[in-house]
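K.L.:
Quick mapping for you: the protein sequence lines, in order, are chains A and B.
Positions 1 to 501 (the numbering used here) are the ones given, in order, by the first sequence.
Positions 1001 to 1148 (the numbering used here) are the ones given, in order, by the second sequence.
Glycine included, C-beta positions come from ideal geometry on N, C-alpha and C.
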Amino acid sequence: MDALGYLLLGFNTAFTGTNLFACFVGVAIGTLIGVLPGIGPVGTMAILIPITYTMDTTSAIIMLSGIYYGAQYGGSTTSILLNIPGETTAIVSCLDGYQMAKKGRAGPALGISAIGSFIGGMLSVFGLMLLTPPLGKLALDFGPPETFSLILFGVMMVSSIGSGSLVKSLIMATLGMFVSLIGLDNISGFSRFTLRSLTLSDGVGLVPVAVGMFGIAEVLTNIEVMEKQEVFKTEFRNLFPTWRDWNDSIKPILRGTVVGFFIGIIPGGGTILPTFFAYGIEKRLSKHPEKFGTGIVEGIAAPETANNAASSGSMVPLFALGVPPHVVMAMLLGAFMIHGIQPGPLFIKEHSDIFWGVIASMCIGNVMLLILNLPLIGIWVKILKIPYPSLFPLIILFCLVGVFSLNNNAYELFIMVFFGFMGYVLRKMEYPAAPFLLAMVLGPMMETNFRQSMVIAQGDVAIFFDRPISAVLLILIFLVLICLLVLKVVRKRGFVVKGAE
Amino acid sequence: MAIVWILLGLTISIWSATFPFGGRKAPGPGFLPLILGLILMLLGSILLFKAIKREEGDPIGAPIPFVSAQASLTRVVLATGGMLAAAALLHPLGFFSTIFCLMFFLKYSLQPQRLKVAVIYALLSALGSSVLFRSLLKTPLPGGFLGF
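1. At a CB-CB cut-off below 7 Å, which residues of chain B make contact with A/Ile223?
2. Could you check what DSSP says for B/Gly1147 in three-state terms: helix, strand or coil?
3. If you follow the alpha helix (DSSP H) that A/Ile115 is in, where does it begin and where does it stop?
4. Whole alpha helix (DSSP H) runs in the stretch 1051-1132 of chain B with 4 or more residues, listed along the chain?
5. Taking any Cβ of chain A, which residues in the stretch 1017-1046 of chain B have a Cβ under 9 Å from it, in chain order?
6. If you measure from the beta carbon of B/Ala1087 to each beta carbon in chain A, is any gap under 8 Å?
7. Have a look at A/Phe450 and A/Pro145 and give me their C-alpha separation to the nearest angstrom.
8. Closest to A/Phe336 by C-alpha separation, out of A/Asp56, A/Ile475, A/Asn222, A/Ala28, would be which residue?
9. Does any CB atom of chain B fall closer than 8 Å to the CB of A/Ile482?
10. Leaving out the 5 sequence neighbours to the left and right, which residues in its chain are closer than 6 Å to A/Met129 when beta-carbon positions are compared?
11. By Cβ distance, which residues of its chain are closer than 7 Å to B/Ser1129, with the 5 residues on each side in sequence left out?
12. Which word fits A/Leu150, buried or exposed, when buried means at least 16 other C-beta atoms lie within 10 angstroms of its C-beta?
13. For A/Leu184, list the residues DSSP reports as bridge partners.
14. My parser needs the alpha helix (DSSP H) runs of 4 or more residues fully inside the stretch 30-76 of chain A; what are they?
15. Any beta carbon from chain A within less than 8 Å of B/Lys1053's own beta carbon?
16. In angstroms, rounded to a whole number, what distance separates the CA positions of A/Gln99 and A/Ile62?
17. Which first and last residues belong to the alpha helix (DSSP H) in which A/Arg427 is found?
18. Output the boundary residues of the alpha helix (DSSP H) element that contains A/Lys283.
19. Looking at A/Val480: is its Cβ nearer than 8 Å to the Cβ of A/Met156?
20. Chain B partners of A/Ile396, CB-CB under 9 Å?
21. 8 Å is my cut-off, CB to CB: does B/Leu1124 come that close to chain A?
22. Could you tell me which residues DSSP puts in a beta bridge with B/Pro1027?
23. Inspect the beta-carbon positions of A/Val27 and A/Gly75 and report whether they are closer than 8 Å.
24. What residue does the alpha helix (DSSP H) around A/Leu376 start on, and which one ends it?
25. Excluding the 5 residues preceding and the 5 following B/Ser1109 in the sequence, name in chain order all residues of the same chain whose CB lies nearer than 7 Å to its CB.
26. According to DSSP, is A/Thr294 helix, strand or coil?
27. For B/Val1131, which residues in the same chain have their Cβ closer than 6 Å to its Cβ, ignoring the five residues on either side in sequence?
28. For B/Leu1137, which residues in chain A fall below 7 Å Cβ to Cβ?
29. Going by the beta-carbon positions, is the gap between A/Ala139 and A/Leu321 smaller than 8 Å?
30. Under the three-state reduction of DSSP, which class applies to A/Pro289: helix, strand or coil?
31. Compare the C-beta of B/Ile1060 with all C-beta atoms of chain A and state if any pair is closer than 8 Å.
32. Run down chain A in chain order and give the residues with a C-beta less than 7 Å from the C-beta of B/Ile1014.
33. Hey, A/Gly334 and A/Leu206: beta-carbon distance below 8 Å or not?
34. By how many angstroms is the C-alpha of A/Thr199 removed from the C-alpha of B/Leu1032?
35. Three or more C-beta pairs closer than 8 Å, one from the stretch 459-474 of chain A and one from the stretch 1033-1049 of chain B: is that the case here?
Right, dumping it as structure tokens:
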């Protein structure tokens, strides 16, 4: 069967009543959490994973993916109207979006944001469709050494790329990997760090930890200061951009798609980095760079397109290699594994219905999102007015039910609260949670592949350098670390010189 | 915090040493945890070194205050305590009663609120979640001694 035939099969799968409903629920929840500052896609996906237990795997993945790319649409609404990003991926959109709203152009800003997201989302789905199968075929040659190096590369990239301290990120990744080792050893069945607890013998569950670190920790941070937010008062009669807006934003949208999709593929690239790249590129290419930040349409078109394109791009390594490039994809991998499916080189061959069904659902989901975010924008703005004090007890309620319903085990609630409080404390001390969760998901895979590699090589660690793909990945890790070190020294010297002046 | 990481790394390393270590040809279940413990100790030491250097007058990376001026740590402690209590009471008290108590506690104690409003909010939350999860989504939830 050719790609077109598979795509038709995908649409056949996605167009069933259940899957259409799952897609709608996913994108609607995604938009909702994107609009509401204080809960992100990771926490939401973690809470909803137990609910997907009773669902068919395709419907579950369609819904969870919908939450992810739906959140990219919703995130810009608060950036434009409140100057507060609903999601971290919409930080850049505050710069010009809020300025446009102040000038009375909130409608076109929201409009171009939704249209850019739609174009970026749709085009990148085609990229995902074209790139994943050949990459999956290439990955068929991967043995344990290559897989180990790839996972190490992914964890290192997520830990390295970010504004915070590299040491703190690496501590979080090490801790995450340690937590993943609690329970019975995958190979020998030996019990590790269980304190003779039956709950811990099964290992520390991904859902309680993710809900704790991304749901509860977020709530605890937000309830410290519960301030009333003022929503920008504006009319939404004219959401459609003018002809001039179109003219100014079509090239940024196309460039944002390319930038977003390809950075999204890189482990650690995520959906935040592409928005900064896209904005930077537009500013550099612009004939009037001084106008960026004053409320111009290009400043919102490029980053909003890029984050949506990146959300599809980041699915490429997950589907083709089985390695999530960032924490949201790690949650999706967790969902796959809970449903007994391992994404990776054989995934497309063995589960073509799921792969193509999800791709087709993303096309449908993007159309749904366009409708949800253009004609129905008023609903989301009204939701924005719900005060946080009325909202946070409900978020806690959903967290509790989500975690408990997983295994009907109240001990997992204690685990959730423990990781929630720990996440809160670590967040206050600027320790990022993403490397922790990614390492936790990938830890067992990494250990198994490492031990298998050592058995194959009879204890010779040179196996990781003898194999070309593995060697290239390890060299890349080394280069990234060297670059970061050099950058740090340069920055420090610059600071000292400035201070001396 | 650096000392916490060093101590945790040390604990993990010592604990891992009690597991079968295997050899290079076939690493056992104690191999990776031991490595991780050592890495944690190393990273903790780097942080400690940086902290000492900062105290000696390095202008970069001044320590940040744990809780901002207007912030209320009390709310955080109360919310955490409420969740722990809910986890402990879920089985004996049942889902509906536990959620009612938790919602009332969160709404009433964490923010200035009229008693009536808090009770109605808690009742609606408990009722709504029971209908949604128990009746619609068929999630098995504990009934407690009251049976609901």
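P.N.:
So, to answer that:
1. Arg1075, Val1076, Ala1079, Leu1110
2. coil
3. 106-139
4. 1073-1093, 1095-1109, 1115-1129
5. Phe1019, Pro1020, Gly1022, Gly1023, Arg1024, Lys1025, Ala1026, Pro1027, Gly1028, Pro1029, Gly1030, Phe1031, Leu1032, Pro1033, Leu1036, Gly1037, Ile1039, Leu1040, Leu1043, Gly1044, Ile1046
6. yes
7. 7 Å
8. A/Asp56
9. no
10. Ile359
11. Ile1099
12. buried
13. A/Ser191
14. 41-48
15. no
16. 35 Å
17. 411-428
18. 273-285
19. yes
20. Ala1079, Gly1082, Met1083, Ala1086, Leu1102, Met1103, Leu1106
21. no
22. B/Gly1022
23. no
24. First-last for A/Leu376: undefined, no H or E at that position.
25. Leu1078
26. coil
27. none
28. Ile51
29. yes
30. helix
31. Annotation note: pLDDT 49 at B/Ile1060 (below 50); position unreliable, coordinate value reported separately. Closer than 8 Å to some Cβ of chain A, the Cβ of B/Ile1060 qualifies, so yes.
32. None at all; the shortest Cβ gap to chain A is about 12 Å.
33. yes
34. 22 Å
35. no
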